[in-house]
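K.L.:
Structure provided below as structure tokens; questions to follow.
Residue numbers (the numbering used here), protein chains in the order written: chain A, 1 to 112; chain B, 113 to 221.
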């Protein structure tokens, strides 16, 4: 029974490097969401896909952040020229239409 | 002022106690109200989901929404050590979720 799958589960990289995070949503879910969770804080919305288009990118913190979704399935979140403040857990969720969102276990990103 | 306010705790209770978790919000446009449970190093897990004022019960959990006061609650009856986790309230607005900061709950035997 496949839930939302995210990879890698952990990523450690040096400041200034680019990173790519992957999300495989639940099969058949049309909507896909990315959130960021900093230590001791709630989840912060980044971007949302309906199908392959992104009607709401309002949460992306800077132009170093981008995301795409292909085939109404897999999504990748890319962070260019990483900074230490990018260290966080990046969570992906999916849902069918406007039904509740179901989350993966996240990618724990550490920038040295 | 944050759109969703939640006491971070920690809240420590003995096994068997009734737990009350609360959130307040400022945006009357919120459409749906949810509670998620998050264990350490795991993603949030949906517990309760509602869209109207009133109570919704599921086993030991009861979610309460008061739209006139902009206040939601989650009650846990007969709390167990396995309920020890962080509880996040969330509210939906045009598809995206706005979360509280989470309340950390510890249930001791």
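Note that beta-carbon positions come from the ideal geometry of N, C-alpha and C, so glycine has one too.
Give me the Cα-Cα distance between residue 18(A) and residue 79(A), rounded to the nearest whole angstrom.
P.N.:
Their backbone Cα atoms lie some 6 Å apart in a straight line.
K.L.:
In chain order, which beta strand (DSSP E) runs of at least 3 residues are fully inside the segment 148 to 205 of chain B?
P.N.:
If we require 3 residues or more, the beta strand (DSSP E) runs fully inside the segment 148 to 205 of chain B come out as 157 to 162, 166 to 170, 173 to 178, 183 to 188 and 197 to 205.
K.L.:
Using the beta-carbon of each residue, which ones in chain B are nearer than 7 Å to residue 100(A)?
P.N.:
Residues of chain B passing the Cβ test: 146, 158 and 161.
K.L.:
At which residues does the beta strand (DSSP E) containing residue 76(A) begin and terminate?
P.N.:
Residue 76(A) -> beta strand (DSSP E) spans 75 to 79.
K.L.:
Touching or not, the segment 13 to 33 of chain A and the segment 94 to 103 of chain A, by the rule of three or more beta carbon pairs under 8 Å?
P.N.:
Verdict: yes, contact present.
K.L.:
Please name the residue, chosen from 147(B), 129(B) and 190(B), that lies closest to residue 184(B) on a Cα-to-Cα basis.
P.N.:
Minimum Cα distance to residue 184(B) is reached at 147(B).
K.L.:
Given a limit of 9 Å on CB to CB distance, which residues of the segment 205 to 221 of chain B reach chain C?
P.N.:
Looking for chain C here will not work: the only protein chains present are A and B.
K.L.:
What does the Cβ neighbour count give for residue 130(B), buried or exposed, with the cut at 16 atoms within 10 Å?
P.N.:
When all chains shown are included, residue 130(B) counts as exposed.
K.L.:
Indicate whether the contact test is met: 3 or more Cβ pairs, each with one atom in the segment 142 to 157 of chain B and one in the segment 97 to 112 of chain A, closer than 8 Å.
P.N.:
In short, these stretches touch, since the Cβ pair count reaches three.
K.L.:
Does any residue of chain A have a CB that is nearer than 8 Å to the CB of residue 155(B)?
P.N.:
Cβ-Cβ to chain A under 8 Å: yes for residue 155(B).
K.L.:
Hey, residue 139(B) and residue 119(B): beta-carbon distance below 8 Å or not?
P.N.:
No, the Cβ-Cβ distance between residue 139(B) and residue 119(B) is not below 8 Å.
K.L.:
DSSP puts residue 131(B) in a beta bridge; with which residues?
P.N.:
Residue 131(B) pairs with 188(B).
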